[in-house]
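The structure under discussion appears below in the form of structure tokens.
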Amino acid sequence: MTTDKKCLINWVGGKRLLRKTIAPLIPQDIKSYIEPFGGGAWVLFYKDKWADLEIYNDLDSRLVNLFRIVKYHPNAFKEEVKYLLGSREMFFQFLNGTFFTDIQKAVQFYFLITRSFGGKGSSFGTVKKSSGGASKSQKNVLEKVDAIHERLDKVMIENRDFETLIKQYDFEDAFFYCDPPYSQGCGYDVTTTKDFDHERLREILGNIKGRFLLSYDDSPKIRELYKGFEMIEVERLNGINNRSDVENRKKIFKELLIANYPIKELHERQTNRNKTR
Ligand SMILES: C[S@@+](CC[C@H](N)C(=O)[O-])C[C@H]1O[C@@H](n2cnc3c(N)ncnc32)[C@H](O)[C@@H]1O
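All residue numbers for the sequence shown refer to my numbering, where the first residue is 3 and numbers rise by one.
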């Protein structure tokens, strides 16, 4: 299975389009790989193994429940998912229904995220071309579940606030890939952009024993907050797959990658390698 298929959901702010830029910057001599802001885990799933100890964390318990169910009950999950239709009626039944067991809740969440526009879970996603949105292939979905189930075999899944998590797992050989809510843009169920405490994250990361790589939007606030750390600018196209909105699709977003270890040289080397290919 290709690495592209090794992801379960498109998540708002997910690093689908940047994972190939981020991966070469991750040090190889690490004993643990930790994602405090896991989301759809595009970077974690990009490689079969980053370190002996790997931790996925997110404060959003719906995501955590989904990955725990895929890890521990893949067959029960697949049995439910198998019969789901890409239908508008079913979308609204899932949106307004009450679900009791963790397996049912995982299926409901998965269905709403994968069948909605932009992975936001609130509006039914239709497409004019391609096989995205509501017309997803069921066969591919089941294969993805198997691939993620296998990938999660040795991954620990946590559901904590980033501060508790980082402090708990920090040591010299630890590596944290941090992808927090951005300083501008949309928020999440667990926090709005305005409420997220960027200064608290800066304080924690400034004092860890391990190494961190951080993704952020390129804003004066973030540049000022992380002054003194290695920083590189990267660009990506708009991730929302709205094929009819050509202008929006062409929009380029500037992002920052920030680290407490040297990344500039690694990034330059990788960029030159890509140019000569
Ligand atoms: C930019 S997204 C991560 C996307 C992920 N890297 C991917 O590729 O899909 C940020 C995540 O941080 C989570 N989050 C927000 N506040 C948090 C907190 N205080 N502690 C831990 N996670 C938090 C959100 O639920 C969201 O899933």
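All C-beta atoms, glycine included, are put in the ideal place defined by N, C-alpha and C.
Is any heavy atom in ligand 1 found nearer than 7 Å to the beta carbon of GLY40?
The answer is yes for GLY40.
Extent of the continuous alpha helix (DSSP H) run through PHE177
In this chain, PHE177 is not harboured by any alpha helix (DSSP H); it is covered by the beta strand (DSSP E) spanning 176–180.
Within 10 angstroms of its Cβ, does ASP50 collect 16 or more other Cβ (buried), or is it exposed?
Exposed is the label assigned to ASP50, since fewer than 16 other Cβ atoms lie within 10 Å of its Cβ.
Mark CYS180 as exposed unless 16 or more other C-beta atoms lie within 10 angstroms of its C-beta, in which case mark it buried.
Flag for CYS180 reads buried.
Looking at THR194 and ligand 1, is the gap between the Cβ and the nearest heavy atom below 7 Å?
No, since every heavy atom of ligand 1 falls outside the 7 Å radius drawn around the Cβ of THR194.
I'd like to know whether the C-beta atoms of LEU215 and LEU259 end up nearer to each other than 8 Å.
Yes.
If the criterion is Cβ atoms closer than 8 Å, does the pair PHE47 and LYS8 meet it?
Taking 8 Å as the cut-off, the beta carbon of PHE47 is found closer than this to the beta carbon of LYS8.
Between ASP220 and ligand 1, is there a pair consisting of the residue's CB and a ligand heavy atom that are separated by less than 7 Å?
Incorrect: ASP220 has no Cβ contact closer than 7 Å to ligand 1.
Any idea if GLY1 is buried or exposed, counting beta-carbon neighbours within 10 angstroms, 16 or more meaning buried?
Coverage of the chain is limited to positions 3 through 279, which leaves residue 1 absent and any answer about it impossible.
Could you give the residue range of the alpha helix (DSSP H) that holds TYR112?
Its alpha helix (DSSP H) spans residues 104–116.
Measuring only between beta-carbons, confirm whether ASN209 sits less than 8 Å from chain B.
The chain labelled as chain B is not found in the depicted structure, where only one protein chain is given.
Nearest candidate by alpha-carbon position, reference SER185, set ASP175, LYS196 and PHE178:
Minimum Cα distance to SER185 is reached at LYS196.
Using the rule of at least 16 other Cβ atoms within 10 Å of the residue's Cβ for burial, across every protein chain shown, is GLU257 buried or exposed?
GLU257 comes out buried.
For GLU201 and GLN170, what's the separation of their Cα atoms in angstroms?
Their Cα atoms are separated by approximately 19 Å.
If we ignore side chains and look at the alpha-carbon of each, how far apart do ASN244 and SER118 end up?
Because the pLDDT of ASN244 is 49, which lies under 50, any placement of that residue in the model is unreliable, and the number read from its coordinates should be weighed accordingly. C-alpha separation (whole angstroms): 12 Å.
By the three-class DSSP mapping on this structure, what secondary structure does ASP50 have?
In the structure shown, ASP50 sits in coil (DSSP, three-state: anything other than H, G, I, E or B).
Would you grab the beta carbon distance between LEU65 and GLY41 for me? Rounded to a whole angstrom, and I think it's under 8 Å.
About 7 Å; that satisfies the 8 Å criterion.
Endpoints, the beta strand (DSSP E) within which ILE281 is located
Residue 281 is absent from the model: the chain starts at 3 and stops at 279.
Would the C-beta of ASN59 count as close to ligand 1, meaning under 7 Å from any of its heavy atoms?
The answer is yes for ASN59.
Just to confirm before moving on: does the CB-CB distance between CYS188 and VAL14 stay below 8 Å?
Closer than 8 Å, so yes.
Beta strand (DSSP E) segment containing VAL45, residue limits:
Where VAL45 is concerned, there is no enclosing beta strand (DSSP E), given that its DSSP letter is neither H nor E.
When you compare the CB positions of TYR85 and VAL157, do they come within less than 8 Å of one another, or not?
No, the Cβ-Cβ distance between TYR85 and VAL157 is not below 8 Å.
Could you check whether the Cβ of ALA43 sits closer than 7 Å to any heavy atom belonging to ligand 1?
Flag set: Cβ of ALA43 near ligand 1.
Could you tell me the alpha carbon to alpha carbon distance between ARG238 and ARG90, rounded to whole angstroms?
Each residue's Cα considered, the two are about 31 Å apart.
How would you write the range of the beta strand (DSSP E) that SER217 sits in, first residue to last?
213–219 is the span of the beta strand (DSSP E), which, as asked, contains SER217.
Residue(s) in a DSSP beta bridge with TYR58
Answer is GLU37 and ILE159.
If you count every other CB in all the chains shown that lies within 10 Å of the CB of PHE198, and 16 or more means buried, which is it?
Counting of Cβ neighbours within 10 angstroms places PHE198 among the buried residues, the total reaching 16 or more.
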